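Following full-length UniProt numbering, the numbering of the sequence shown begins with 1 at its first residue and continues without gaps.
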Amino acid sequence: MSQSTELTGGAGFVYESHVAAYFMSALLAETVRPPLQSKIKSVRLQQAAMGAPLDDVIIVFDTLIQMKAHFQVKRSLIISSSKTNEDFKGIVVNSWKTYINSKKENRNDIYGALTDEIASSSLRNVQTVCESARSSESSDSFWAIEAQASVKFREFIDVLRNILDGAQIRRTPHELYEFL
Numbered sequence: 001m002s003q004s005t006e007l008t009g010g011a012g013f014v015y016e017s018h019v020a021a022y023f024m025s026a027l028l029a030e031t032v033r034p035p036l037q038s039k040i041k042s043v044r045l046q047q048a049a050m051g052a053p054l055d056d057v058i059i060v061f062d063t064l065i066q067m068k069a070h071f072q073v074k075r076s077l078i079i080s081s082s083k084t085n086e087d088f089k090g091i092v093v094n095s096w097k098t099y100i101n102s103k104k105e106n107r108n109d110i111y112g113a114l115t116d117e118i119a120s121s122s123l124r125n126v127q128t129v130c131e132s133a134r135s136s137e138s139s140d141s142f143w144a145i146e147a148q149a150s151v152k153f154r155e156f157i158d159v160l161r162n163i164l165d166g167a168q169i170r171r172t173p174h175e176l177y178e179f180l
């Protein structure tokens, strides 16, 4: 089986370097950069050896409350629970591990993926689900929305459930709501 030209050509590594430079420049200039809402205290790269599940870029915020953003960087990403979609499955499972770790340390960390290429409809759907969770008053109110939501809305939640189930990760509906 031939290797991806993205891997052999280095496009993924180049993109990851661009992402790192974006956040490093914000650190040096002491500015706020989207999607973050706070100044950056430090940027850490490739932290797998330090036990970070999402290891490509970890940003420590310059805030009173300790908070971090953990990102996996992918040149392109497909949102699905397909057996062959190891990238997205890995991101979901490692995001879950990061969520659990931040809960244990009583932090409200940010976690997920940064990508250059993604289907706009997939991105819109992920954003809709996550924004609905953030704007819901409670877990119960979010799951009431989910019950009445569009097929695409429910499909994304099912993708997450399928990936977490496949990784034998047990969770409560409340934990899944917080994870979003």
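Even glycine gets a Cβ: it sits at the ideal position worked out from N, Cα and C.
This structure is a prediction, so every number in the text was calculated from the model and none was measured.
Simplified DSSP state of residue i, which is helix, strand or coil
i           : result
Gln37       : coil
Ile110      : strand
Ser122      : helix
Glu117      : strand
Leu27       : helix
Arg44       : strand
residue 211 : Missing from the structure shown is residue 211; the chain here goes from 1 to 180 and no further.
Gly148      : With the sequence shown as reference, residue 148 is identified as Gln, and Gly is not the correct amino acid for it. Of the three classes helix, strand and coil, the one that applies to Gln148 here is helix, per DSSP.
Ile163      : helix
Ala69       : strand
Val57       : strand
Arg170      : coil
Environment of residue i [buried if 16+ CB atoms lie within 10 Å]
i           : result
residue 182 : There is simply no residue 182 to check, as the chain begins at 1 and stops at 180 in what is shown.
Ala29       : exposed
Pro53       : buried
Gln168      : exposed
Ile65       : exposed
Val14       : exposed
Check whether residue i and residue j have beta carbons under 8 Å apart
i      : j      : result
Val43  : Val32  : no
Asp55  : Lys74  : no
Phe156 : Tyr99  : no
Ser135 : Gly112 : no
Span separating the alpha-carbon of residue i from that of residue j
i           : j      : result
Ile118      : Ser38  : 26 Å
Leu114      : Met67  : 18 Å
Ile40       : Ala49  : 22 Å
Val151      : Ser132 : 15 Å
Lys97       : Ser138 : 22 Å
Asp158      : Gly51  : 28 Å
Ile110      : Gln72  : 12 Å
Val19       : Ile78  : 19 Å
Leu7        : Ser141 : Here the model assigns Leu7 a pLDDT of 47, short of 50, so the residue's position is not dependable and the matter cannot be decided.
residue 185 : Lys103 : Shown here, the chain extends from 1 to 180; a query on residue 185 therefore has no answer.
Tyr22       : Asn108 : 23 Å
Met24       : Thr63  : 17 Å
Gln46       : Pro173 : 32 Å
Minimum Cβ-Cβ distance from residue i to chain C less than 8 Å
i      : result
Tyr177 : No chain C is part of this structure, which consists of one protein chain only.
Requested in this report: Evaluate the contact criterion for the segment 81–90 versus the segment 120–132: three or more CB pairs, one atom per stretch, below 8 Å.
Outcome: no
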